[in-house]
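**Q** If you read the sequence shown in my numbering, its first letter stands for residue 566, the second for the next number, and so on.
By construction, the Cβ of each residue, glycine as well, lies at the ideal position given by its N, Cα and C atoms.
It should be emphasised that the depicted structure is a prediction, and the values quoted were computed from it without experimental measurement.
Here it is, the structure, as structure tokens.
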Amino acid sequence: MHPMILQLGPLKVHSYGFMLALAFLVGIYLAGRAARRVGETQDHVTDLSFWIIVAAVIGSRLFHVLVFWSELQPPRLLSAFKIWEGGLVYYGGFIGAVTASVLFCRLKKIDFWQMADIITPSIALGLMFGRIGCTLVGCCYGKACPADYPLAIVFPPETIGVAGVPLYPTQLLEAAGCLAIALFLWFYLQYHRRFRGQLLLVFIVLYSALRFTLEFWRDDPRGFADLFTFAAAAGQTPAIGGLRGFLLWSGTIHEISSGIYGFYLSESQLVSLVMTLAVVPLWIWKSRRDRRLGVSVAPAPVPDQTPKRAPHSKGKAKRK
């Protein structure tokens, strides 16, 4: 992998920052096309994009610093700004981006839900570029896997991940999942949405399911929550025993003492559950509200560009 793409003297181009810049440029282009389709202006998209990129980086880094403050290298305040070394929490970035979008739309007096549908496919695609950046840097790595696993990935010593060990490619799997979500939103759902904001809500559900699942295969240091303890029942069926084995392997449960287990979820899994549950009332409220108010989700009509001819005079011009 390549944490640094290019170095010209003191100038260093880090791969993670390069992928973020690429995500920003591609995202603006796609959002601009989506905006024209619904009659929104390119200026609003461009201005909002700058708000989003700043808020997303701040939010994602802030979440990471809050969780891993004690583990940052001294001086901690300086380490908090080293985003090229990884350490950006995606859900923190998403919350920051949504907050900035709401504030921007209120200031500009434009519909937040309409704008959310415009930029959501770009967000999904941006996450794909971000996970490719994670692969190049070596962060967010997976658990060790068999050496003959066809998708195994091995990091070299210069990356920040575990070097020289075959790992599950959790970064690339999430990148592929985000690409699939972006394609679904762009090529299908934006043409079949039933209310404004539907693309955003569908994205939240799909990405939450993807993230929740892949967290079982990740092995990088991240926050966990101890939810409860329970006692394993005696005489379990093979299916229950197999499930317990998987949960032990994934780190979801830990054996505290003989027959007593603690149930854990990563912070990202908890956020995934909360956000998915939050979609349900939002979906019901927004769909009913748009239907009651008759809010249109149809594409904006394309203005007629055919030059109009001057009307012909019916009579002949009078001679003087």
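Put Y829 into one of helix, strand or coil per three-state DSSP.
**A** What you label residue 829 is simply residue 264 of the sequence shown in a count that begins at 1. The answer is strand: DSSP assigns Y829 an E or B state.
**Q** Can you tell which of V845, T700, R759, T841 has its C-alpha closest to the C-alpha of G859?
**A** Here residue 859 refers to the residue found at position 294 of the sequence shown. Here the closest residue by C-alpha is R759.
**Q** Where in the region 712-779 do unbroken runs of the alpha helix (DSSP H), each at least 4 residues long, occur, reported from the N-terminal end onward?
**A** DSSP runs (the alpha helix (DSSP H)) wholly in the region 712-779: 735-749, 763-779.
**Q** Is the beta carbon of A747 less than 8 Å from the beta carbon of L732?
**A** Looking up residue 747 in the sequence shown gives position 182. Looking up residue 732 in the sequence shown gives position 167. Going by C-beta atoms, A747 is not nearer than 8 Å to L732.
**Q** Where does G582 fall in DSSP's three states?
**A** What you label residue 582 is simply residue 17 of the sequence shown in a count that begins at 1. G582 falls in the helix class under three-state DSSP.
**Q** Name the two residues that bound the continuous alpha helix (DSSP H) containing I675.
**A** Position 110 of the sequence shown, counting from 1, holds the residue named residue 675. That residue, I675, is in no alpha helix (DSSP H); it is neither H nor E in DSSP.
**Q** Which residue wins for smallest C-alpha separation from L835, given the options A745, A863, E723, E780?
**A** One-based indexing of the sequence shown puts residue 835 at position 270. Looking at the Cα atoms, E780 is the closest of the given residues.
**Q** Could you tell me if K611 is buried or exposed, where buried requires 16 or more neighbouring beta carbons within 10 angstroms of its beta carbon?
**A** For the purposes of this step, residue 611 is taken as residue 46 along the sequence shown, with counting starting at 1. Lys is not the amino acid found at residue 611; the sequence shown has Thr there. With fewer than 16 other Cβ atoms within 10 Å, it is exposed.
**Q** Let me confirm a value: R761 is counted as buried when at least 16 other C-beta atoms fall within 10 Å, else exposed. Which label applies?
**A** On the sequence shown, position 196 is the one that residue 761 refers to. Buried, since its Cβ has 16 or more Cβ neighbours within 10 Å.
**Q** Any idea which residues DSSP pairs Q572 with across the strands?
**A** What you label residue 572 is simply residue 7 of the sequence shown in a count that begins at 1. Q572 pairs with K577.
**Q** Can you tell me the Cβ-Cβ gap for A596 and I675, rounded? I've got them flagged as a contact below 8 Å.
**A** As a first step, residue 596 is located in the sequence shown; it is residue number 31 there, counting from the start. As a first step, residue 675 is located in the sequence shown; it is residue number 110 there, counting from the start. The pair is not a contact, with the Cβ atoms about 14 Å apart (cut-off 8 Å).
**Q** Since G592 contacts S614 with CB under 8 Å, what's their CB separation in whole angstroms?
**A** Here residue 592 corresponds to residue number 27 of the sequence shown, with the count starting at 1. Here residue 614 corresponds to residue number 49 of the sequence shown, with the count starting at 1. With 8 Å as the limit, G592 and S614 qualify as a contact, their Cβ atoms being about 7 Å apart.
**Q** Can you tell me whether DSSP reads G859 as helix, strand or coil?
**A** The residue given as residue 859 occupies position 294 in the sequence shown. Correct three-state label for G859: coil.
**Q** Please classify G707: does DSSP put it in a helix, a strand, or coil?
**A** Working through the sequence shown from its first residue, we reach residue 707 at position 142. G707: strand per DSSP, three-state reduction.
**Q** If you draw a straight line from the alpha carbon of P722 to that of C704, how long is it in whole angstroms?
**A** Locating residue 722 in the sequence shown gives position 157, counting from the first residue. Locating residue 704 in the sequence shown gives position 139, counting from the first residue. Cα-Cα distance, rounded: 13 Å.
**Q** Could you pull out every residue in the same chain whose Cβ sits closer than 6 Å to the Cβ of A665, ignoring the five residues on either side in sequence?
**A** By one-based count along the sequence shown, residue 665 stands at place 100. Once the five neighbours on either side are set aside, the close Cβ partners of A665 are W616, I617, A620.
**Q** Compare the C-alpha of T841 against each of G695, L585, I769 and name the closest.
**A** For this step, residue 841 is matched to residue 276 along the sequence shown. Nearest C-alpha to T841: I769.
**Q** Kindly list the residues whose CB is nearer than 8 Å to the CB of L571, restricted to its own chain and excluding five residues on each side of it in sequence; keep chain order.
**A** If you number the sequence shown from 1, residue 571 lands on position 6. Answer for L571: K577, V578, listed in chain order.
**Q** Let me make sure I understand the geometry here. Which of V622, A600, H609, P846 has the alpha-carbon closest to that of A586?
**A** On the sequence shown, residue 586 is found 21 positions in, with the first residue counted as 1. Ranking the options by Cα distance to A586, first place goes to V622.
**Q** State buried or exposed for D855, treating a residue as buried only when at least 16 other CB atoms are found within 10 Å of its CB.
**A** The sequence position of residue 855 within the sequence shown is 290, counting from 1. Classification of D855: buried, given that the 10 Å Cβ count is 16 or more.
**Q** Which partner residues does R783 have in the DSSP bridge list?
**A** Your numbering for residue 783 matches position 218 in the sequence shown. Paired residue(s): G707.
**Q** How long is the line joining the alpha carbons of C744 and L573, rounded to whole angstroms?
**A** On the sequence shown, residue 744 is found 179 positions in, with the first residue counted as 1. On the sequence shown, residue 573 is found 8 positions in, with the first residue counted as 1. Looking at the sequence shown, residue 744 is not Cys but Leu. L744 and L573: Cα-Cα distance of roughly 32 Å.
**Q** Determine whether the beta carbon atoms of Q755 and D682 lie at a separation below 8 Å.
**A** Counting from 1 along the sequence shown, the entry for residue 755 is found at position 190. Counting from 1 along the sequence shown, the entry for residue 682 is found at position 117. Yes, the Cβ-Cβ distance between Q755 and D682 is below 8 Å.
**Q** Quick test of your reading: L766 and V844, contact by CB under 8 Å. State the CB separation rounded to the nearest angstrom.
**A** Against the sequence shown, residue 766 aligns to sequence position 201. Against the sequence shown, residue 844 aligns to sequence position 279. Right, their Cβ atoms sit about 5 Å apart.
**Q** What would DSSP say about L653, mapped onto helix, strand or coil?
**A** Along the sequence shown, read from residue 1 onward, the residue named residue 653 stands at position 88. Residue state, collapsed to three classes: coil.
**Q** Specify the secondary structure class of V603 as computed by DSSP and reduced to three states.
**A** If you number the sequence shown from 1, residue 603 lands on position 38. Residue state, collapsed to three classes: coil.
**Q** If the criterion is Cβ atoms closer than 8 Å, does the pair T735 and R776 meet it?
**A** Translated into the one-based positions of the sequence shown, residue 735 becomes position 170. Translated into the one-based positions of the sequence shown, residue 776 becomes position 211. Contact flag unset, no.
**Q** Classify H609 as helix, strand or coil using the three-state DSSP reduction.
**A** Locating residue 609 in the sequence shown gives position 44, counting from the first residue. H609 falls in the helix class under three-state DSSP.
**Q** Roughly how many angstroms lie between the CA atoms of H757 and A662, to the nearest whole one?
**A** Position 192 of the sequence shown holds residue 757. Position 97 of the sequence shown holds residue 662. Cα to Cα, H757 sits roughly 25 Å from A662.
**Q** Under 8 Å by Cβ, that's how I've got F628 and V654 pegged, so tell me the actual separation to the nearest angstrom.
**A** In the sequence shown, counting from the first residue as 1, residue 628 sits at position 63. In the sequence shown, counting from the first residue as 1, residue 654 sits at position 89. With 8 Å as the limit, F628 and V654 qualify as a contact, their Cβ atoms being about 4 Å apart.
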